[in-house]
DNA sequence: TAGATTGTTAATCGATTAACAATC
DNA sequence: TAGATTGTTAATCGATTAACAATC
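Chains as they are written, first to last, in this note's numbering: chain A, 1449 to 1670; chain B, 1449 to 1670.
If you want it as C-alpha cells, here you go:
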C-alpha cells in the first residue's frame, strides 16, 4: 500500500474523533464558540497542534473568538462521512463479536453491522441485536451482492487470514481486524488492526517503569 | 506525567506484543531460531527496526542464525512481567465490560480482573466468569485493602472521570480507559486510552481516500 | 485600540531507515 | 572461508513544538 495516497497524518486522524467527542459535551453545555487554548486545556494537547489538526477538516476559526462549536462538529462529520451510513459485515460471533454487535455508539460514526458470520453451527441462525448470524461460506457472494466495503474480523487468530481472504474475494476493501494476527492484504485494501494486548502492554510497562523510578508513592501529587 | 521516566519508545512497546504473538505461532510450527529478515517478511516490518525493538528486551541474537525462538519468548515475558499476575478491577459491566471479563486471553499477559463494579442494582450481585459485581462505592476501600494497581474503565463517558478519581483514591495507579472521555489524572498515575472510534475513523478515512484516488477497482492487485 | 486568537512558517525532536563494521 | 545476519552509528523523514505575523 503506497503511503502517498494518505496525505493526512495518522496521529491527526486519531485525534479528530477525540475532538468530536469532546465538542459534543461542549455543545451540550451550551457553549457556542471555543478556542484551541480551551480545548487544549481540557484534552491535554497543545493549541497549535489542535489548530493544525482542525485545519485538515477545512474549518476556519475566528481570531479572538475561536471556532463555532456546531460548525466544527458538522465539519468533522462531513470530513469523515459520518452522515452517510457504511454497511459492514462481522465475522466471528464470540464475546468480542457480540460486544461489537451490541455497541450502539457506532451509529454516530456512520458504521452499521448488517450481517454476522460464524462457522459454529450452534451460533449460526441465531440473531443478536437484530443481526442474523449466517454461515461463513455465504460471505463472499453476499458481500459482492450487497456491495459491502467494510469487514470486521473478531475471530481467533488462526483463521483471521483466511477470513480476510474471503472478505477481499467478496469485494470488501477495508478490514477492521480485532484478531491478534498479522494479516496480509493486497494493494488496494486497507487494514486497521486493533490489538488489545498492545494497549495493555504499554500500560503495564509504564506502570512498572513508574514504580522502578521511585515516583510511586502511596500519596500521588494532585 | 514527565516523559523521562519512559525511555522506551511507545511504538516499540506496541510492536513487542505483536512479535510475541507471532513467535508463539513460530514456536508451534517447530522452528527453533528465526531471523529478523524472516520476521519482517511475515509482519511487514523492516528488519533493522525489529532488531532495535528486540534489543530493548535485552536479548542477544546470533549472526547468521538469528534469535532463539523460545529464549526470545521468555525475554518478552520477563520484560513485560507476564509471568507475574497483576490483579485488576473493572468498572462498568455493560456489553464491553462483559466482553473484557470473558476474554481469557488476558491471562497470558499477566492480567486478571478479580472484581467488577457497577451502579446498576440489576447487575450488582450477579456473577460473570466467576467475577462478582459489587456496588461502585465499595471500590476505594477494597482496592486499597487488596493493593490493586490497575483499574479498567468501561463505563459511559459522563461518569468516567468520577470513576477514575475513585480508583486513584483507592490507590490504583494504572488506568485502562475504554470510555470515550479525556480523563485527567495527577502525576504518578498512568492512563492508557483505548478509543474504538479512533480506529474506525482511521479505517474509514483511508478507505475514502483510496476510493477518491482512483486506486479503487473491482479487481485488486494480488 | 489593545489583546487574544488564528494560521503559517521555522526549529526541534524523535522515530524510522540506511549504511556498515563485527561476528559466527 | 564466504556469506548471512546481528548490532550500532549516521542520515533521513515526519510529527510536534516554537515563533510570529495577520486578524477581528
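For each residue, glycine too, the CB sits at the ideal point set by N, CA and C.
Listed by chain order, chain B residues near residue i by CB distance under 9 Å
i: residue 1496(A); result: Result: empty, since nearest Cβ-Cβ is about 18 Å, beyond 9 Å.
i: residue 1612(A); result: Here the premise fails: no neighbours, minimum Cβ distance about 12 Å.
i: residue 1469(A); result: 1605, 1628, 1629, 1630, 1643, 1645
i: residue 1618(A); result: By Cβ distance, chain B contributes nothing, its closest Cβ being about 12 Å from residue 1618(A), past 9 Å.
i: residue 1466(A); result: 1628, 1630, 1641, 1643, 1645, 1646
Distance between residue j and residue i (C-alpha atoms, nearest Å)
i: residue 1528(B); j: residue 1465(B); result: 9 Å
i: residue 1581(B); j: residue 1572(B); result: 5 Å
i: residue 1525(A); j: residue 1626(B); result: 22 Å
i: residue 1629(B); j: residue 1506(A); result: 25 Å
i: residue 1579(A); j: residue 1621(A); result: 22 Å
i: residue 1496(A); j: residue 1570(A); result: 54 Å
i: residue 1553(A); j: residue 1472(A); result: 13 Å
i: residue 1514(B); j: residue 1470(B); result: 15 Å
i: residue 1518(A); j: residue 1595(B); result: 45 Å
i: residue 1487(A); j: residue 1493(A); result: 8 Å
i: residue 1485(A); j: residue 1632(B); result: 16 Å
i: residue 1652(B); j: residue 1511(B); result: 43 Å
i: residue 1516(B); j: residue 1481(B); result: 4 Å
i: residue 1536(B); j: residue 1490(A); result: 27 Å
i: residue 1498(A); j: residue 1508(A); result: 13 Å
i: residue 1677(A); j: residue 1542(A); result: Only positions 1449 to 1670 of chain A appear in the structure, and residue 1677(A) is not among them; the question remains open.
i: residue 1451(A); j: residue 1477(B); result: In this prediction, residue 1451(A) has a pLDDT of 38, which is less than 50 and means its spatial position is unreliable; nothing more can be read from the coordinates.
i: residue 1550(A); j: residue 1550(B); result: 15 Å
i: residue 1532(B); j: residue 1645(A); result: 16 Å
i: residue 1614(A); j: residue 1648(B); result: 21 Å
i: residue 1634(A); j: residue 1589(A); result: 20 Å
i: residue 1606(B); j: residue 1479(B); result: 50 Å
i: residue 1619(A); j: residue 1555(B); result: 37 Å
i: residue 1568(A); j: residue 1576(B); result: 23 Å
i: residue 1657(B); j: residue 1616(A); result: 18 Å
i: residue 1592(B); j: residue 1650(A); result: 23 Å
i: residue 1462(A); j: residue 1462(B); result: 16 Å
i: residue 1612(B); j: residue 1636(B); result: 14 Å
i: residue 1458(A); j: residue 1654(B); result: 10 Å
Interface residues of chain B facing residue i [CB-CB closer than 7 Å]
i: residue 1503(A); result: In chain order: nothing, as chain B lies at least about 15 Å away.
i: residue 1650(A); result: 1458, 1461, 1462, 1640
i: residue 1656(A); result: 1529
i: residue 1597(A); result: 1655
Within chain A, the residues that residue i reaches when beta carbons sit closer than 7 Å
i: residue 1490(B); result: 1630
i: residue 1580(B); result: Result: empty, since nearest Cβ-Cβ is about 19 Å, beyond 7 Å.
Proximal residues of chain B, C-beta to C-beta of residue i below 8 Å
i: residue 1559(A); result: 1648, 1652
i: residue 1534(A); result: 1652
6 Å Cβ shell around residue i - same chain, five flanking residues per side excluded
i: residue 1574(A); result: 1581
i: residue 1565(A); result: 1539, 1582, 1584, 1587
i: residue 1468(B); result: 1524
i: residue 1624(B); result: 1600, 1640
i: residue 1530(B); result: 1557, 1558
i: residue 1610(A); result: none
Beta-carbon proximity list for residue i, same chain, < 8 Å, skipping 5 on both sides
i: residue 1659(B); result: none
i: residue 1534(B); result: 1558, 1559, 1560, 1597, 1598
i: residue 1456(A); result: 1504
i: residue 1460(B); result: 1500, 1501, 1504
i: residue 1521(B); result: 1468, 1471, 1472, 1475
i: residue 1562(A); result: 1535, 1536, 1537, 1579, 1594, 1596
Own chain partners of residue i with C-beta closer than 7 Å, once the 5 adjacent residues on each side are dropped
i: residue 1483(A); result: 1514
i: residue 1643(B); result: 1628
Interface residues of chain A facing residue i [CB-CB closer than 8 Å]
i: residue 1544(B); result: 1547, 1551
Any non-hydrogen atom of the ligand SAH closer than 7 Å to residue i Cβ
i: residue 1633(A); result: Summarising the ligand content, the structure contains no ligands, and the ligand SAH is consequently not present.
Which runs of the alpha helix (DSSP H) spanning at least 4 residues fall entirely within the region 1495 to 1531 of chain A, listed in chain order? Fully enclosed alpha helix (DSSP H) runs of 4 or longer: 1495 to 1503, 1517 to 1528.
Whether or not the region 1595 to 1603 of chain B and the region 1529 to 1549 of chain B are in contact is what I'm after, with contact meaning three or more pairs of Cβ atoms, one per stretch, closer than 8 Å; do they touch? Here the region 1529 to 1549 of chain B makes contact with the region 1595 to 1603 of chain B; the two share three or more CB pairs at distances below 8 Å.
In chain order, each alpha helix (DSSP H) run of at least 4 residues that lies wholly inside the region 1605 to 1635 of chain A: For the region 1605 to 1635 of chain A, the continuous alpha helix (DSSP H) assignments of 4+ residues that do not extend past its boundaries occur at 1608 to 1617, in sequence order.
In chain order, which alpha helix (DSSP H) runs of at least 4 residues are fully inside the region 1538 to 1616 of chain A? Taking only runs of at least 4 residues, the alpha helix (DSSP H) segments lying wholly in the region 1538 to 1616 of chain A are 1543 to 1550, 1587 to 1594.
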